[in-house]
Amino acid sequence: RADQTGLSRCDFPEDFIFGASASAFQYEGAVDEGGRKPSIWDIFAANPRNIADGSSPNITDDQYHHYTDDVLLLKNLGMDSYRFSISWTRVFHDGRVNPEGIAYYNNLIDALLEHGIKPFVTIYHWDLPQTLQDKFGGWLSRDIVDEYLRFADFCFQAFGDRVKNWLTFNEPHQLVNGGYVQGYYAPGRCTGCPQGNSSTEPYIVGHHLLLAHAKAVKLYRRKYKVNQRGVIGMTLDSFWYEPYSSLPRDIAAARRALDFELGWFLHPITFGDYPQSMRLYVGDRLPAFTVEESRDLRNSMDFVGLNHYTSRYTQDNPWPSNVRPGYESDSHTHFLTQRNGNPIGGTTGTWLYVVPWGLYNVLNHVKENYNNPPIIITENGGLVMLVTGFLKSNFPGLVDIADSNTFSDKFIKDGARVQFYESYLTSLQQAIADGVDVRGYYAWSFLDNWEWNNGYSQRFGLYYVDYTTLKRYPKHSALWFKQFLSNTKCSVLETM
Ligand code: PNW
């Protein structure tokens, strides 16, 4: 609780941005409205076996119809900024623009600005038009690079007069790992899936994502930046990988794990090529950049977007030579969630162990190995499992954070999430104090939402969403954030 640590936004640099994060497919609903066409996720989720709770993303938070109220909730929380993504098939498909889709984002952007909330836009958060998947295999084909460029160009041109913060992609690693290695994300490819090949496809898709990113950044800088004066980057996901032991080979393995997840993308967009360890371990299955591509990739970001959630212990894993090479084994690493019977961090029984020091370490890793770039934490947040039906049986009141400042039973109790934010923000503050150039922090997530292959079974929101009525209810974490952000008496003079 805020009152326990006394942590507030005053512990961060003066112009530091705090915001909340979202994405189109997880929030908007209204999948058949306003001229929207299906994405690969509509098709993937249409098979209930692909989704843990068999649920449909067709309505989810229905933000398409609730955005005006949602902007007020963000305002009420005291958020400086809102990160959301543009649904490609809502605004632009088969080379045609869709005025209704454009109007939706114009309205959302205007509503945010009207309340002093900065829009932070992810151009692509995984919802590829199904037509491009059908036509040439989506991200597996080089044709996707120019298609993406057209879409990005369109976004800059339509929204760039008001949007000053851009991300080309959300989590290329997670997209590739889910969609082409494990097969639990659209388009559901993996070795052993009905289709796919994890020894080659992940690297081809990653390559095309990088080429598309470089072209979009080049275009933005050449055609828009002078007038629009915005900044552009890419959001990368990375766990922290802690060596399991002090053995040199475990230390090297942990470093390789970071290279295969974060460095895979951060190395090219900083230095123009893949990390050396990937070249060595993947060999000629890793595509090569031409001299020109490499030049366009180098320094192709104004800041690094970082999504960070959790950490793992890492051991060296010398695979026997009869193991088929693939992304899952190429880094020769083995991950563990505990050591000598002790879990790496607090857990609520999901993948998300609470390891605040992991954030400190991953930030310092970026600082030390990638020339101390500006960093924006574009996602961070805790996962608290609430029992389904919780609201109907246990929720006693209907109080908004605007009306009460006490952590009472009138808010949904998610104390573990409050502790998550408190501990990770403390760790972040230490990283900044030690010289990491972090400029902003976005909580995942503003509202509970459709958590991809986990459907509605995982709730990340500061606000609880009742999916029957679509009402939003503040959790303790919402109130905590509001208090954290409401401290505006930051200077020494004012507090004296
Ligand atoms: C991110 N993992 O994905 C995405 O950017 C969001 O859309 C998503 O809702 C959020 O994190 C919460 O999961 C991830 O299992 C999904 O390691 C799963 C993992 C990491 C990131």
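In case it helps, mature numbering (1 follows the signal peptide of the UniProt record, and there is no 0) puts the sequence shown at residues -2 to -1, 1 to 494. Glycine included, every Cβ here is placed at the ideal spot set by N, Cα and C. Keep in mind that this is a model prediction, so the values were computed, not measured.
Is residue i helix, strand or coil when you go by DSSP?
i           : result
residue 496 : Outside the displayed range of the chain (-2 to 494) lies residue 496, so it cannot be described from this structure.
residue 41  : helix
residue 484 : helix
residue 223 : helix
residue 165 : strand
residue 438 : strand
residue -2  : Its pLDDT being 42, under 50, residue -2 is placed unreliably in this model, and the coordinates cannot settle the point.
residue 6   : coil
residue 493 : Only weak support is given to the placement of residue 493: the predicted model assigns it a pLDDT of 47, under 50, and the value that follows is read from those uncertain coordinates. Correct three-state label for residue 493: helix.
residue 193 : coil
residue 81  : strand
residue 145 : helix
residue 115 : coil
residue 160 : coil
residue 213 : helix
residue 171 : helix
residue 123 : coil
residue 463 : strand
residue 241 : strand
residue 331 : strand
residue 340 : strand
residue 350 : coil
For residue i versus residue j, is the C-beta spacing smaller than 8 Å?
i           : j           : result
residue 441 : residue 85  : no
residue 500 : residue 178 : Nothing in the structure corresponds to residue 500, since the chain is present only between -2 and 494.
residue 5   : residue 333 : no
residue 157 : residue 103 : yes
residue 412 : residue 484 : no
residue 500 : residue 256 : Nothing in the structure corresponds to residue 500, since the chain is present only between -2 and 494.
residue 159 : residue 447 : no
residue 88  : residue 99  : yes
residue 122 : residue 166 : yes
residue 147 : residue 213 : yes
residue 120 : residue 83  : yes
residue 33  : residue 105 : no
residue 341 : residue 422 : no
residue 429 : residue 361 : yes
residue 418 : residue 379 : yes
residue 141 : residue 152 : no
residue 383 : residue 348 : yes
Could you give the C-beta distance for residue i and residue j, rounded to a whole number, given that I count them as a contact under 8 Å?
i           : j           : result
residue 126 : residue 37  : 6 Å
residue 297 : residue 228 : At roughly 17 Å, the Cβ-Cβ gap does not stay under 8 Å, so residue 297 and residue 228 are not in contact.
residue 25  : residue 460 : Not really, about 13 Å apart at Cβ, beyond 8 Å.
residue 286 : residue 346 : Between residue 346 and residue 286 the Cβ distance is about 43 Å, and since that is not below 8 Å, they are no contact.
residue 399 : residue 56  : At roughly 29 Å, the Cβ-Cβ gap does not stay under 8 Å, so residue 399 and residue 56 are not in contact.
residue 23  : residue 124 : 7 Å
residue 454 : residue 465 : 6 Å
residue 329 : residue 258 : 4 Å
residue 314 : residue 247 : 4 Å
residue 168 : residue 21  : 7 Å
residue 42  : residue 186 : 6 Å
residue 16  : residue 77  : 6 Å
residue 242 : residue 312 : 6 Å
From which residue to which residue does the alpha helix (DSSP H) around residue i run?
i           : result
residue 97  : 97 to 112
residue 277 : 274 to 280
residue 64  : 61 to 75
residue 231 : Looking at the DSSP string, residue 231 is not in any alpha helix (DSSP H); the run it does join, the beta strand (DSSP E), is 229 to 235.
residue 290 : 289 to 295
residue 363 : 354 to 367
residue 265 : 262 to 269
residue 409 : Premise fails: residue 409 is in no alpha helix (DSSP H) and is neither H nor E.
Cutting at 6 Å between CB atoms, please list the residues of its own chain near residue i, excluding the five before and the five after it.
i           : result
residue 372 : 301, 435 and 437
residue -1  : Because the pLDDT at residue -1 is just 43, under 50, the model does not fix this residue reliably, and the point stays unresolved.
residue 488 : 8
residue 344 : 352
residue 452 : 50
residue 263 : 170 and 234
residue 323 : 197
residue 375 : 304 and 439
Along the beta strand (DSSP E) that carries residue i, what are the first and last residues, could you check?
i           : result
residue 373 : 373 to 377
residue 18  : 15 to 19
residue 312 : 309 to 314
So, for residue i: in the same chain, excluding its five sequence neighbours on each side, which residues have a beta-carbon less than 7 Å away from its beta-carbon?
i           : result
residue 174 : 200, 203 and 204
residue 292 : 270 and 271
residue 68  : 61
Excluding the 5 residues flanking residue i on each side, which residues of the same chain have their C-beta closer than 8 Å to its C-beta?
i           : result
residue 143 : 206, 209, 210 and 213
residue 468 : 57, 59, 60 and 64
residue 511 : Residue 511 falls outside the range modelled here, since the chain spans only -2 to 494, and no answer is possible.
residue 245 : 314
residue 493 : Confidence in residue 493 is poor, its pLDDT being 47 and thus under 50, which makes the residue's placement too unreliable to answer from.
residue 456 : 348, 381, 383 and 449
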